[in-house]
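So the sequence shown is numbered by the working numbering: it starts at 127 and just counts up by one.
All residues carry an ideal CB built from backbone N, CA and C; glycine is no exception.
On a predicted model such as this, the values are computed, not experimentally measured, just so you know.
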Amino acid sequence: MTAKFGSGYDRTKADAIADHLWDYLDVDGHVVGLEFTCSLLGTCMDEAAQLLDRLAFEEGEEYKRIVCLDEAAPAVRYQLTPAAFKEFCAAASSGAVRCIFSRVHEGMRKLKRALGAGVDGLRDEAGRLNSARARLDSFNLSNQISSRICASGGQDPRISAMHAEINRAVCGISRGEMARRLGKSRCNVDVRDYFTDEQQHMTAVLLGIIARRSGSPDDVIFFASEMARKFARTDTAQALHFREGEIPQRNMSLRCARGVVRGSSFLN
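Put into C-alpha cells, the structure is as follows:
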C-alpha cells in the first residue's frame with residue numbers, strides 16, 4: 127500500500143501516530159464517526175468517501191467494517207472501527223503526517239471524555255460548550271458595562287467593586303478568600319476561572335440584566351450593587367455558593383473558553 131498513497135507517505139510513522147491517537151482516546155470497543163474524523167483532518171466528506179471505497183477495495187470489506195448508519199439520509203454517515211480509524215488516518219496522511227498528528231491530537235484532547243463515555247460524554251461536552259459560551263458572554267458583557275460607565279475612556283474604581291460584588295453573590299466567597307483557599311496570592315486569581323458551569327451561567331445572566339439597564343453610570347452601578355446583594359440572599363444563590371472549606375477547582379479560563387468554542391464544530 128505504501129506506493130499507492132504518494133512518495134512522501136511514511137507508513138510506519140503513520141501507523142505509530144494512529145496507534146497513539148487511538149490509545150489516547152481510550153475508547154476500546156467504540157467507534158469514531160467519519161464526519162468527526164474528517165473535520166479534524168481537514169478532509170471533505172466526498173474525498174473521504176472516495177478514500178474509504180479505495181481502502182475497502184484494497185483491504186476488503188470485512189477488514190474495514192465500514193458501517194453505513196443511514197442509507198436514506200441525504201448525507202450518508204459512517205463509523206470507523208479502531209482498525210479502520212488507523213487505516214484512514216494513515217492513508218489520508220500521505221506526505222503530511224505531522225500535520226495530521228497535530229490537528230487530530232488537538233481535537234481528540236477536546237473530545238476524549240465525550241467519545242470515551244458515549245452519549246453521556248457527548249452531553250457533558252455539550253454542557254461544557256454552553257459553559258464556555260457563558261464565560262465569553264460574561265467577559266463581553268463586563269467590557270460593555272465598563273464602556274458605558276467610563277464613556278470618556280477613563281477608569282472608575284467602582285467597576286472593579288461592582289464585579290467583585292457580583293462574583294461574591296454568585297459563588298459566595300470573595301477573591302481574597304478564594305486565593306486563601308487556593309494557596310495563591312490574590313493578584314494571581316481570576317475568580318471566574320474557578321466558577322462552576324452553573325456559576326458561569328448565572329454570572330452571564332446577571333451581567334446581561336445590568337447591561338440592559340438604562341440610566342446614568344451612577345444609576346447602573348447602584349442597580350448592580352443592589353441586585354447583587356438581593357440575589358446573594360436567594361435560595362438559588364445559596365445553592366450555587368461554594369461550601370465552607372471547599373477548594374474551588376479551575377474550570378473555565380478565558381483561553382480555555384475560546385478554545386472550546388473554536389472546537390465546537392467537532393461536535394456538529
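- Distance between Ser-272 and Val-346, taken at the CA atoms: about 10 Å.
- Under the Cβ criterion (8 Å, minimum of three pairs), the region 367-382 counts as touching the region 315-326.
- Assignment of Glu-324 by DSSP, reduced to helix, strand and coil, places it in the helix class.
- With the rule of 3 Cβ pairs closer than 8 Å, the region 328-345 counts as touching the region 258-276.
- In the displayed model, Asp-345 falls within a helix according to three-state DSSP.
- Rounded to the nearest angstrom, the gap between the Cα atoms of Ala-383 and Met-304 is 21 Å.
- Leu-366 is the residue among Gly-309, Arg-254, Leu-366 and Arg-274 whose C-alpha sits nearest the C-alpha of Ile-292.
- The three-state reading of DSSP puts Cys-276 in coil, since its state is none of H, G, I, E or B.
- In terms of Cβ geometry, Met-288 and Ala-337 do not form a close pair [threshold 8 Å].
- Boundaries cannot be given for Cys-313, as no alpha helix (DSSP H) includes it and DSSP labels it neither H nor E.
- Here the alpha carbon of Arg-294 sits roughly 26 Å from the alpha carbon of Gly-385.
- Within the same chain, and ignoring the five residues on either side of Pro-343 in sequence, the residues whose Cβ sits closer than 6 Å to its Cβ are Ile-275.
- Contact check for Ile-299 against Phe-357 fails: the beta carbons are separated by 8 Å or more.
- Within the same chain, and ignoring the five residues on either side of Gly-341 in sequence, the residues whose Cβ sits closer than 8 Å to its Cβ are Phe-349.
- Approximately 5 Å separates the beta-carbon atoms of Gln-326 and Ser-257; this is inside 8 Å, confirming the contact.
- If the five residues before and after Ala-260 are omitted, its C-beta is found closer than 6 Å to the C-beta atoms of Gln-326, His-327 and Ala-330, all from its own chain and listed in chain order.
- For Ser-311, the CB contacts under 7 Å within the same chain, skipping 5 residues up- and downstream, are Ala-305 in chain order.
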